[in-house]
Structures are given as C-alpha cells and as structure tokens.
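Some notes on the structure that comes next.
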Amino acid sequence: MPTFEVFSYWNVHELHLVFNAVASVVGSSDYLGLMRTLALVGMISLAMAVLAGMSQLPDFGRWIIMLAVFNAILLVPKVTVVITDQTGTQPPVTVANVPLGLAAFAHSISHTGNWLTTTFETVFSLPADMQFRTNGTLWGHRVQQEMLHQKFQNPILSSNLLEFYRECVLPEFATGNVSAADMSKSNDIWTYLNGKTNPGRLVTIRAMPGSPVVGNTYNCDNAYYQLTGQISADVLKQMNSLGHSLYPGLPTAAANAQVQGVIQTSTNYILGISTAATQAVRQTAMSNFMIDAQYLLPAQIGDAAGAASNLAQAQAIRSTSESYKMMAKMAESTMPKIKSFVEIVAYAVFPIILLIVLMLGHKGGAAFKGWILILMWVQLWPPLYAIMHMIMTVHAQELAQTTAHLGLSMSEYSRVNNAYISDEAIAGMLSATAIPGIAWAIVSGGAAAAVSAMSPATSSARESEKFASAAASGNLQMGNASLNSQSADNLSMGQVNTRPTITQGGYSYAGSDGTKYF
C-alpha cells in the first residue's frame, strides 16, 4: 500500500484522530450506500431533465463519465498516511486505509507549506533553539518571560535569604561596602555580594531539605557560602520545573537539557549577555527576592505603612497592561489552536465534499477546487508566521542596546518585561487577524481580503480617533445609564421660565378631587 507523508505543527494527535475518522467513514457500508443512493438519484434526475428537454444528452454522458472518474481516483484507492510533527515534540503516527483523494492533496499541500517554512527559516538564520518550526511563535520571548518571573521555591531558603539580607546586607548600605545603585545594575546580584559583607556580624541559617548545608549560626561571609549551596539546589528544581512547563512532552532530563540550551541561547541573542542558564535563573530569582524584600522586611517588624508603600512599588515594577497580557497569551496559544481547528475541519469534511463532487459530476471540479484552496490557505499560515516570528525576534535584539547589556539587572526589570509583553501582544494581534487574511489574499489573488485582514488592527485606532475628536470639541460622555424612561403625548410651546426651582424632602399627594395634601 503506497505511503504519503503529511506534515503537521503541534497537532499530530488531532490529525491522527481525524484521518482515522475519515478512513472509517468512507469505508463504512452506510457511506457507500449513501453514495450509491445519491448517484442513482442524480442519474434519474438528469435522465428526466434530458427527456424533458431541459438538458442535453452529452451532459448526461459527461456526468456519468466524471462520476466514475472521481470515484475511481478519489475514493476507491486506499493508501497509508504518516503524520510527522515538524516541531519535534511528538512522534510520527501512521493511519491506514485513507482515501487517495485526501491523502494525495494533504501530502502535496503540506509539503509545499513545510518547504516554504523551512526555506524561510534557513534563510533567516535564527538560532536553532529559537526557530519557529522548532518551538513555536516568539519562543525566545516566552522563555525569557518565564525565566523573568522565577522565584525561589523553598520557603526555608526565602526565609534564610531574608535574614541574610537584614543582618548582613542592609548594614553595608550605610558603610558603603554595598551600593544599592551598583547592585541594581548588576547582572549577577549574588556574585556582586560576595566578599562585601562584614564577617563580624552573625546570622542564623536553617537547614533546607535537599541541601547538605547544616542549620547553624554563621558569620556573614560563611553564611554567604552556605546559602550559595542552598540556592544552587533550589535553582536545579526551578530548571526541572521550567523544563516540565516549556517541554511537557519530554522526559525530565531531556526537558532540562532543552530548557538550559534555549535559556542560554535566548539570553545571549536578545539581551546580548553570555551566561549559563543556571546563573540566569539564579539572577532573576534574586531580583524577584530583592523586590519582595522591600515590603517583607517592614511587614516583619510591624511597619504596616512601609510594607504597604513598598508593596505598591513592587507591584508597579511588575505591572503590565492587562490588554497586552491578553494579546500576549493570544500569541502563545491562538496560532496553534486556530490553525489546528481550520485544518482539522478541512480534512474532516472530505467525505461530504466527495459526495458533493460525485453528485455534480463533470461540474464537480469547481467544488473540489474550493476545498483545495482551503487546504492551501491553511498551509500558508506557517510560512507567514515564520516571517512574523523572524521580524519580532530580530527586533527584540534592540533590547541589548537599550538596556546597555544589563537586561538581567533589577534596574531593567520593568523595561524588559514590558518589551516582551509588547512584542507578544503585537504578535497575538497579527496571529488572529492579519495573517489568515493575508494568506487568503495570496490564495484567492484578491486585494479585498488583505484590506479586511487589517481592519481589526485599525478599528481600535478609529475608536481612539473618535474620542480624541470629541474631546477636542469639549464633548465628553462617560458612564451614561438610563432605565425605564418613558414619555408620551408631550407638547410644549411658547414657554419662557427663568425662575429657579428647588424641591427637596417632604411628601405631597393630590386626591381625585384635586385637593393636595402635604
């Protein structure tokens, strides 16, 4: 039995189900019976049309010939389909007894889309860990953002660090051994603190499960080295957690290796900082700890006002527009879901399309062409997403210059976080609106589709323009509400009334005889 390979992106399992379903449907006796019934109805209808003079005999002959041709080419031959995931996250699967019509066109068109995507990615020369077909849209952004929000997972370590910060670091701000400005601009806070504490000061360090450090009271220099061991143990757990989150389909060891590689690559490519993955994760966790320590310490000593003020500052550092967050999530998940949905629907309706084509006979080519155009439309999405991915990823390299290669420091936390979210938000908007429209414009050759693709992106600008125009004229409306307002048979003419009237409190009632009671 011939074998056809179909390429997929993130949806091997779904395509496996739909190809199996199509093979089961077209191979069932019910479907074959329905096809025979429709063919018989078509033959009788066309024969009656010829006898009634409403159609020509050659049309009847062409209809029968094309019915046989379409059936013999599209339905009768059965082949095996191998579904291959180009992202490498899922193993290939095989489906037998797939109709040749579905397998051949799915194979040819998916190969075309895959060739375009692979060619573009090869020409763009992005690092392998950050390519679109390897991991998805803006993968480097997502990895960096996940890393940016890492915190120490063990509460004992967090408590030990807070004690160390209070007893060993804060006093050195006054002596000048530790500079808050220099620490905030350091890409490795923990290394910066090495040797800057007073060995004459003491701090108590508690033992942490998974670390050989013994709980005891140490001087600050010794406590630094004890905490280094605890931090290293916690960072390893964070790496495993990141691996499971970013590569859920891989074993722990493989996921850990993958995430270490992509963290190192993306940090170097986007931020221009060459560092090990574990050091980068340690730095972001330390940055988040330092931000939180500013309100945890006042809360620890009962300074509610100081804790509230510093908490507000910490939230401001991490805050981002909710609309940007929503569009960023759209970039992360919309493309795989929308493409998967449209592609699966296009393959799933093949049995219906086949019945329509058989019924139309010699005119069935037009219906089949429409179905092929839909397949081509969907397969153009990955190349266009690869182009968008390249543009946004290359644009992100500007962060290395704007942050002066201090992208891992606390001082650049907000800038870097907002830059990642902003890029992902733009990608999310393009993913759900422009790219499907542009792909359809390419397939259909119509400019109207390209114009409609950009309309969602410009609608918000039009709304802002309306509001700005009204504000410039002094007309502002906001929060207007009306409920159960009624008016009937109202007539008012020739009245002039300049007398002010003020009514407040009290109660009045007019009876049927016109008498008023107060």
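Going by the numbering used here, the first residue of the sequence shown is number 109, and it counts up by one from there.
C-beta: ideal position from N, C-alpha, C; glycine also.
Consult DSSP for residue i and reduce its assignment to one of helix, strand or coil.
i: L696; result: A query on residue 696 cannot be resolved here, the shown segment of the chain reaching from 109 to 626 and no further.
i: V130; result: helix
i: N324; result: strand
i: V453; result: helix
i: A384; result: coil
i: A315; result: coil
i: L270; result: helix
i: V486; result: helix
i: T188; result: strand
i: L224; result: helix
i: P356; result: coil
i: K471; result: helix
i: A160; result: coil
i: G545; result: helix
i: L234; result: coil
i: L123; result: helix
i: S448; result: helix
Could you tell me the boundaries of the alpha helix (DSSP H) in which residue i lies?
i: S116; result: Note, S116: premise wrong, no alpha helix (DSSP H); beta strand (DSSP E) at T111 to S116.
i: I464; result: F458 to L468
i: N376; result: T360 to L379
i: V524; result: Y521 to M537
i: G303; result: G303 -> no alpha helix (DSSP H), and no H or E assigned at all.
i: A288; result: A288 to S292
i: A540; result: Counting along the chain, A540 falls outside any alpha helix (DSSP H), and DSSP gives it neither H nor E.
i: Q505; result: Element bounds for Q505: n/a, residue is neither H nor E.
i: H249; result: W247 to L256
Could you please give me the residues that DSSP links to residue i through a beta bridge?
i: D193; result: S116
i: L405; result: Answer by DSSP bridge pairing: none, since L405 is not bridged.
i: L310; result: N327
Counting C-beta neighbours from all protein chains within 10 Å, is the total for residue i 16 or more, i.e. buried, or is it exposed?
i: R241; result: buried
i: I181; result: exposed
i: K447; result: buried
i: H503; result: exposed
i: I482; result: buried
i: S374; result: buried
i: M496; result: buried
i: Q487; result: buried
i: V559; result: Unreliable positioning characterises V559 in this predicted model, as indicated by a pLDDT of 46, which lies under 50. The coordinate reading is nonetheless provided below. Classification for V559: exposed.
i: P194; result: Here the sequence assigns Gln to residue 194, which means Pro is not the residue at that position. Buried, by the Cβ-count rule.
i: T392; result: buried
i: E506; result: exposed
i: M109; result: exposed
i: R144; result: exposed
i: A555; result: Reliability of the predicted coordinates at A555 is poor, the pLDDT of 43 falling under 50, and no value is obtained from them.
i: N605; result: exposed
i: T511; result: buried
i: T501; result: buried
i: W489; result: buried
i: D237; result: buried
i: Q261; result: exposed
i: S233; result: exposed
If distances are taken between C-alpha atoms only, which option among the options comes closest to residue i?
i: L256; options: V134, N526 and A540; result: N526
i: L183; options: I378, I543 and I464; result: I464
i: W298; options: G141, F397 and K445; result: F397
i: I480; options: M394, A212 and P207; result: A212
i: A214; options: R523, N327, W485 and V231; result: W485
i: G303; options: A282, Y332 and R309; result: Y332
i: S340; options: R523, A361, I371 and V389; result: V389
i: D342; options: G369, Y355 and M394; result: M394
i: A365; options: V189, H219 and G351; result: G351
i: Y235; options: P544, V524, A315 and I378; result: One point to set straight first is that residue 235 is Pro, not Tyr, in the sequence displayed. Of the candidates P544, V524, A315 and I378, the one whose C-alpha sits nearest the C-alpha of P235 is I378.
i: Y300; options: P356, S552, Q387 and Q402; result: Q387
i: E122; options: T192, A157, A160 and V134; result: T192
i: W223; options: N179, S116, P320 and A204; result: S116
i: E451; options: G284, V126, S519 and P200; result: V126
Would you give the residue range spanned by the beta strand (DSSP E) that residue i belongs to?
i: N243; result: Counting along the chain, N243 falls outside any beta strand (DSSP E), though it belongs to the alpha helix (DSSP H) covering F240 to N243.
i: N205; result: V201 to P207
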